[in-house]
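2 protein chains.
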Amino acid sequence: MSALASSNQEGEPQGPAFSPLYRQIKALILRSLQGGEWKPGEAIPSEVELAARFKVSQGTVRKAIDELATENLLVRRQGKGTFVATHAEEDIQYRFLRLVSDAGRRPAPTQREWLDCRRLRSPAEIARGLGLGPGDPVIQARRLLRFDGRPVVLEDIWLPGTLFKGLTAERLAQYRGALYAFFEAEFGVRMIRAEEKVRAVAAGALEAPLLGVSEGMPLLSVERRALTYGDKPVELRRGLYDTSAHHYRNELS
Amino acid sequence: MSALASSNQEGEPQGPAFSPLYRQIKALILRSLQGGEWKPGEAIPSEVELAARFKVSQGTVRKAIDELATENLLVRRQGKGTFVATHAEEDIQYRFLRLVSDAGRRPAPTQREWLDCRRLRSPAEIARGLGLGPGDPVIQARRLLRFDGRPVVLEDIWLPGTLFKGLTAERLAQYRGALYAFFEAEFGVRMIRAEEKVRAVAAGALEAPLLGVSEGMPLLSVERRALTYGDKPVELRRGLYDTSAHHYRNELS
DNA sequence: GAGTGGTCTAGACCACACT
DNA sequence: GTGTGGTCTAGACCACTCC
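So the protein lines, in turn, are chains A and B.
The first sequence lines up with residues 0 to 252 when you count with numbering that gives the first Met the number 0.
The second sequence lines up with residues 0 to 252 when you count with numbering that gives the first Met the number 0.
As structure tokens, then:
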């Protein structure tokens, strides 16, 4: 028997149904992750250790970890241990970037150019998307991604100012590697999942020259809302993709 | 002990690594699904029954079914049984349609209009995508989807002629419900998963009037390749979406 | 109450990585 | 060899559905 909340004895009539033990364990592990007890890239305690700590069987811990692994919060490595997922991993970088060259290669941007980075008071729409009050400080940055020298992606990024204190254009320009790895290492902000809204739009007079296309040219507009633990939004992004030699790839199942 | 291929005793030096029992069970269940032993919507035998049939423990069958369930091939229903997934289910219809109204509603098309349906010899590009020889018979159909009366999606669909014998414009027009449910019920073809390539394009002179937009207007081009068992391609689709009041929604994780 | 999937346990053994 | 995750088993009990 574990020391955890046992089944559903009594309780309010409209109780939240029934939560199996392994989900309670999962919630505990999640809290440790969120609280930073184990840092991204580090190993968490072994299954037997956790089983002992929580006073449950190894199988129950396993099932909790299984779910966290399929949610990409943990990574299991046979023979080595279970590790906190990180955007710094070579093969996980640009995990959220769905852009692929028409030849099928999944390109890492060959060049990133920061065009702007400023702090300002949040416009109402941005504040709403980030769950902030209107007028709260936000950081806005703009960058251009090139593939094989050609500009393909123009992105505007909004971040909550309080979470990303000290973020400057210099530090952005300096960092090599994926942006989310940077956020993780420098600000302790982990992107867990994201939602995107994709549309076709016409290139505006301001953006067109940056992407090297003519005004009115169709571009892919990709609005992203990235979330961290507890589904808290921590980034808004609006990308304009030139899809004349690339496309947005998606798997349905 | 089971009667199945036991671990990796000897074998060719470059054996395919190691296949756990539950994966072999999974493969067997998959074969039965593919062979039509259980039809879409029907219940498969209970876990204990399958365990007896395959001479393994219930836990092993469970793990096999677990994987098939996460791949959306089976659906578990506590207390009732495990069922073969079907596109005919109310809440699974339009499972692959990522289009959402900007208000956030996930619309079932209020009207579907078939504009064309013909048999022809496959163009080279289509044949390649469907894994056919050039000149093999294919069916091409075109339809328009309306939401709240407004045309939003114009789709061209290509199907292998041999798999969809007897498909006519009349039968298409007659059927109510999702297209994939129709394919499943009438031709025994089950769509398992799909890949999509999304781009922004300009409305052409021919398509623009059908969608009620002006020529040159940016549209979302969605190319889909749908696969059945064994990753065999059985449908190509090219949709043009008017994204002025709708968008393509995607979840990243 | 009978049957189904869902949870939890305890223990044995296998595959893999490090040392 | 030791420790880690991965597989497999057998059995008990729980939650849900239907009769």
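Even glycine gets a Cβ: it sits at the ideal position worked out from N, Cα and C.
What you are looking at is a predicted structure, and each value in this text was computed from that prediction instead of being measured.
C-alpha of S121/B to C-alpha of P136/B: approximately 6 Å in a straight line.
Residue T242/B holds the alpha-carbon nearest to the alpha-carbon of D101/B among N249/B, E250/B, T242/B and S252/B. Taking a beta-carbon distance threshold of 9 Å, L218/A counts as an interface residue toward chain B.
Bounds of the alpha helix (DSSP H) holding Y21/B are L20 to Q33.
Within its own chain, the residues whose Cβ lies closer than 6 Å to the Cβ of E194/A, once the five positions on either side in sequence are excluded, are R224, listed in chain order.
Classified as exposed, R30/B has fewer than 16 neighbouring CB atoms from the shown chains inside 10 Å of its CB.
If you compare the alpha carbons of C116/A, R94/A and I28/A with that of A50/A, the shortest gap goes to I28/A. Taking one beta carbon from each stretch, the stretch 227-243 of chain B and the stretch 153-161 of chain B have 3 or more pairs nearer than 8 Å; the two touch.
When secondary structure is reduced to three states using DSSP, F146/B falls in the strand class. Taking 9 Å as the cut-off, the beta carbon of L226/A is found closer than this to the beta carbon of R192/A. Using a 10 angstroms sphere on the CB of N71/B, the tally of other CB atoms stays under 16, which defines it as exposed.
In the three-state reduction of the DSSP assignment, A244/A falls in the coil class. For Q173/B, no beta strand (DSSP E) encloses it; the enclosing alpha helix (DSSP H) starts and ends at A168 to Q173. Apart from the 5 residues on each side of it in sequence, A244/A sits with its Cβ closer than 8 Å to the Cβ of S100, D101, R149 and V151 in its chain, given in chain order. The secondary-structure analysis by DSSP pairs S220/B across a beta bridge with R198/B and L239/B. Its chain contains F181 as the residues whose beta carbon lies nearer than 6 Å to that of Y174/A, once the 5 sequence neighbours on both sides are disregarded; these appear in chain order. In the three-state reduction of the DSSP assignment, L210/A falls in the helix class. Residue state for Q77/B is assigned as coil, using DSSP reduced to three classes.
For a Cβ distance threshold of 8 Å, nothing in chain B lies close to F182/A: the least Cβ distance comes to about 16 Å. With respect to the 9 Å criterion, P217/B and V212/A are not classified as neighbours on the basis of their beta carbons.
Here DSSP, grouped into helix, strand and coil, assigns K38/A to coil.
Residue pairing by DSSP places R111/A opposite L144/A in a beta bridge. When C-alpha distances from R97/B are compared across V197/B, V233/B and G203/B, the shortest belongs to V197/B. In this structure, the straight-line span from the alpha carbon of V188/A to that of H246/A is close to 29 Å. For the 9 Å CB-CB criterion, Y21/B and T59/B form a contact. In the DSSP annotation of this structure, the continuous segment of the beta strand (DSSP E) that includes V99/A starts and ends at L98 to S100.
If you draw a straight line from the Cα of G229/A to the Cα of L67/A, it comes to about 13 Å. Within the same chain, I138, Q139, A140, R141, L166, T167, A168 and L171 come within 8 Å of C116/A by CB-CB distance, once the 5 residues on both sides are set aside. Boundaries of the alpha helix (DSSP H) around A180/B: L178 to F186. For V47/B, the uninterrupted alpha helix (DSSP H) segment begins and ends at E46 to F53.
Neighbours of Y93/B in chain A, taken as residues at a C-beta separation under 9 Å, are lacking, since the least C-beta distance is about 11 Å.
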